[in-house]
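Take a look at the structure set out below.
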Amino acid sequence: MTGTIINVAAIILGSALAMISRKDLSEGLQRNLKWFLALLAMVLGCYLLWNATHGGLWSHLKQGMLLMVSITLGNLLGLLIGIQKALNRLAVYAKEQFQQPDRANGFKVASALFCLTPLAVIGACLDGMSNQAGVLVIKAFMDGMAAHSFTRVFGKSVLLAFIPVLAFQGNLALASHWMAGSFMNPEMVDGVSGASGLTLFTAILLITDTGRPRLGDYLPSLVVAAFLAHWFW
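According to my numbering, the sequence shown is numbered sequentially starting from 52.
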């Protein structure tokens, strides 16, 4: 749960700084942080892929193909389920709240946006399965900046959003740790890590605000990758 603890600390720190300083983060600082996080996401994605694949040239090619198939099938499943559509409705609701801010809704809006994100699910799963906290560290930076901005709009209730984040990501990490130790073999864990690494490259567009990828629709890829890795890795 290391990543979740870092994420919680970032939310508290970002909100507390907003209450103390009463100053907005400069656009230049936010832009530089986003590009730094994009670079970090690229490095972490490469690292996850490197750690997930093993063997000789043929094995690497086979595993790479399996990961690409997992991403494709997972995305199709996500589209059928409508994961990103649901997340888009949440984004529209949040935008409406910012246009007519009500301080009573600060905790609710912040909690939903911090918890119901693809990076929260991917990061918590990796944190629990293989003690890989990198994705949640990236999310922590993003949430810390967001908490600072949210607190400037909605007030100090945003700080309490760390509680549902701790509960959601912490329980998901514990559940993933239990699954990895109970019935998942190392190949399945590698499959999840590899699919997560590929998904991070898509997340770079979201981090830098250069695109709007349907990141939520890729979440089923983790499950697909685990099963394909179990049979064919």
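Note that the Cβ used here is the ideal one computed from N, Cα and C, for glycine as well. Remember, it's a predicted structure, so these values are computed and weren't measured experimentally.
Asked: Cβ shell of Q114 (< 6 Å), same chain only, five flanking positions each side left out; Found: T104
Asked: Backbone secondary structure at P264 - three-state DSSP; Found: coil
Asked: Three-state secondary structure assigned by DSSP to D153; Found: coil
Asked: 8 Å Cβ cutoff met for A89 and L210; Found: no
Asked: Option in P237, T261, D268 with minimal Cα separation from S250; Found: According to the sequence shown, residue 250 is Thr rather than Ser. Cα-wise, what sits closest to T250 is D268.
Asked: Proximity of F205 and V59 at Cβ, strictly below 8 Å; Found: no
Asked: Buried versus exposed, by CB contacts within 10 Å (16 or more), D241; Found: buried
Asked: Nonlocal neighbours in the same chain, by C-beta distance under 6 Å from G245, ignoring five residues either side; Found: L100, A103, L118
Asked: For N182, three-class secondary structure by DSSP; Found: coil
Asked: heavy atom of the ligand GTP below 7 Å from L99 C-beta; Found: In terms of ligand content, the structure shown is empty, and the ligand GTP therefore cannot be addressed.
Asked: Reduced DSSP secondary structure (H/G/I, E/B, other) of R140; Found: helix
Asked: Range covered by the alpha helix (DSSP H) that runs through W284; Found: That residue, W284, is in no alpha helix (DSSP H); it is neither H nor E in DSSP.
Asked: Assumed close pair D178, L187 - CB separation to whole angstroms, cut-off 8 Å; Found: 6 Å
Asked: Per-residue burial, C176 [other beta carbons within 10 Å of its own, 16 or more giving buried]; Found: buried
Asked: Integer-rounded CB distance, given that G96 should sit under 8 Å from G248; Found: 4 Å
Asked: Beta-carbon proximity of F252 to M116, cut-off 8 Å; Found: no
Asked: Reduced DSSP category for L112 - H, G, I as helix; E, B as strand; rest coil; Found: helix
Asked: Local Cβ density within 10 Å of H199, reported as buried at 16 or more and exposed below that; Found: buried
Asked: Nearest to L141 (by Cα), restricted to the options G129, L124, T259, K159; Found: K159
Asked: Proximal residues to V243 (C-beta, below 7 Å), its chain only, five neighbours per side dropped; Found: C176, M180, L273, A276, A277
Asked: Alpha-carbon spacing of A155 relative to A231, whole angstroms; Found: 40 Å
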